[in-house]
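Protein chains in written order, with our numbering: chain A, -18 to 316; chain B, -18 to 316.
Heads up, the beta-carbon is just placed ideally off N, CA and C, and yes, glycines get one too.
Here the structure comes first, spelled out in structure tokens, and everything after it is commentary.
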């Protein structure tokens, strides 16, 4: 059996024990359709199958490619594009695909594009405080009316409290989630429908207004979310090879093109990361490593890290000696 | 003919006029083998062909995948892996491939790995101030001796002044390049060989010790290098579609997974970028755009931006109405 240390580097490695813990913990807290797992963090139908195996049959996607890839995988029948698009070709492909597809709309233009491309079901996306997509709560009824007039079914509302999910103080996170969800509940009162979709890993056990939570990061976790004291563990690391070592620092082959950097530098256990360049990470360890040694790098932000890689390798444990039991293609990349 | 505004978004777009200007300007300054173009920024054999067409037949690579992809493309015969690796399988593949391949070595371990895998030619990589790979200048002769003893030819030295290339003040950049190159010249005096390889876009007309300059960013440019007053123009943008607009801001479909973020936020002409999330950029424009409008996003750092995309589309001009004349696969991604 190959081990983590045998992989060509840099390579994504999933600690199966941590992943199982994370998936089981979330499924216990939010069983079945109470969770609509977001695939954007892992972009991997094999990992989605693990979520399915724990009873989740509805999924959230951020891009048409994710929707189409999940539909092609053939094991779910309710996919939400929790995002706006006016791309006629992609909307038509989603309308034609072999799954129930619901898309988010928040304007006359997105309603018209969805209806014109044959989309049958929508959620009204409501802005609940994050300066991104979503209509004002009071405008939701107008959007819903226009969607219905265009022949689409309005299944309800969604509204992502993305400005809140990362707040370190739980009380503050909770209070601001309540503020956001009051707006979503208000919009839902106007729009109707059976779906109130919201939430993320940081609010999975706080948001009690949404009847489905769109969490995704919990499966693999990253260093930003780890500060919140959530019951999920780091399951994703990048294994790298030391290619240079001297008395001051070492260099391994895991750089900017193997890591999402928007949340800052990654971390290395028992090491101090100095900086990353295109193909390198420069860091100091208490004990000087040898050229050829493997190190495990914990990305600060999982989502854009995974999006650089072709595959995730499944390891029976967290260390570099753990056996690789499987490799999953990152098959939902792109748009 | 399709136009930039017809592309599915997000998509990389090259302004052919700016690219031609950049390539011609650099070739005039550093003709033929005086430039060893670095492929790491563009990762594209089609773009490398444009460099070849201007007389450059030697290329620099950062990864074995780049070396092997360039060798497979079949139009160059001198490829430098300006980076260390101890990956036996990848070293063997480079040793076997249909091109002259030289690899950087900086330690006993990297010499042993190269020699053991059948690599025939090396450069001694010298640390000239950047805390990354490279041996101390005074150690270069020992590395060279060991490489020769292992049966490899030592073609000379390389040393990248990466801590200097981005300094905004030209006088400071120049003085610090001189300091670095004194160390490289010292090492070269010990090691011998015909190659002194160094430099980048920020020092292409400053570094007069290196007899070949490893510049790569000049072809496409990015906002970081643009501050240096270099004679190169932004040639790469990401075209995105506005999916939401209100009185305060707009949102387009170009996020963290379409942009290298280590140099900070991208920019938008005549706009103020607020922030990027996984699939979105939130920004303000003087005039409120309409949903469906295209915007052109200038990435802060080209290299990790290109590495997210499958293709670069060639446009006959800089605007969203420019015609698309070709599409080039980004075929050198990965490791």
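- For residue 138/B, the uninterrupted beta strand (DSSP E) segment begins and ends at 134 to 140.
- Taking a C-beta distance under 9 Å as the contact criterion, residue 170/A and residue 182/A do not qualify as a contact pair.
- For residue 255/B, the residues of chain A that pass the 7 Å Cβ criterion are 112, in the order they occur in the chain.
- The bridge partners DSSP lists for residue 19/B are 41/B.
- Ranked by how close their Cα comes to the Cα of residue 4/A, the residues 200/A, 211/A and 314/A have 200/A in first place.
- Shown here, residue 27/A sits in a helix according to DSSP, grouped into three states.
- The C-alpha of residue 105/B is placed about 18 Å away from the C-alpha of residue 273/A.
- Counting only Cβ-Cβ distances below 7 Å, residue 65/A has contacts in chain B at 224 and 225, in chain order.
- Looking at 94/A, 19/A and 165/A, the one whose alpha-carbon comes closest to that of residue 189/A is 165/A.
- Residue 224/A and residue 81/B have their C-alpha atoms some 23 Å from each other.
- Spatial neighbours of residue 186/A in its own chain (CB-CB distance under 7 Å, excluding positions within 5 residues in sequence) are listed in chain order as 10.
- Think of a sphere of 8 Å around the beta carbon of residue 258/B: the chain A residues whose beta carbon falls inside it are 113 and 143, in chain order.
- Under a 10 Å Cβ-count criterion, residue 41/B is classified as buried, with 16 or more other Cβ atoms of the shown protein chains found around its own Cβ.
- When C-alpha distances from residue 149/A are compared across 87/A, 83/A, 247/A and 205/A, the shortest belongs to 205/A.
- Residue 24/B is a Cβ neighbour of residue 312/B, given a cutoff of 9 Å.
- Under the criterion of beta carbons closer than 8 Å, residue 310/B and residue 237/A do not qualify as touching, at roughly 21 Å.
- Residue 134/A counts as exposed, since fewer than 16 other C-beta atoms from the protein chains shown sit within 10 angstroms of its C-beta.
- In the DSSP assignment, the residues bridged to residue 59/B are 39/B and 81/B.
- Interface flag for residue 68/B against chain A is set, since a Cβ pair is found closer than 9 Å.
- The beta strand (DSSP E) runs of length 3 or more contained entirely in the region 150 to 213 of chain B are, from start to end of the chain, 176 to 179.
- Annotation for residue 218/B: no alpha helix (DSSP H) segment contains it, though the beta strand (DSSP E) segment containing it runs 217 to 226.
- With fewer than 16 other Cβ atoms from the protein chains shown falling within 10 Å of its own Cβ, residue 210/B counts as exposed.
- Between residue 54/A and residue 19/A, the CB-CB gap reaches or exceeds 9 Å.
- Where residue 94/B is concerned, the enclosing alpha helix (DSSP H) starts and stops at 89 to 97.
- Distance from residue 217/A to residue 283/A at the Cβ level is roughly 6 Å; contact confirmed, criterion being Cβ atoms closer than 8 Å.
- A distance below 7 Å between beta-carbons, with the five flanking residues on each side excluded, links residue 243/A to the following residues of its chain, in chain order: 282 and 285.
- Measuring C-alpha to C-alpha distances from residue 180/B to each of 173/B, 161/B and 174/B identifies 161/B as the nearest.
- Residue range 121 to 130 is occupied by the alpha helix (DSSP H) that includes residue 129/B.
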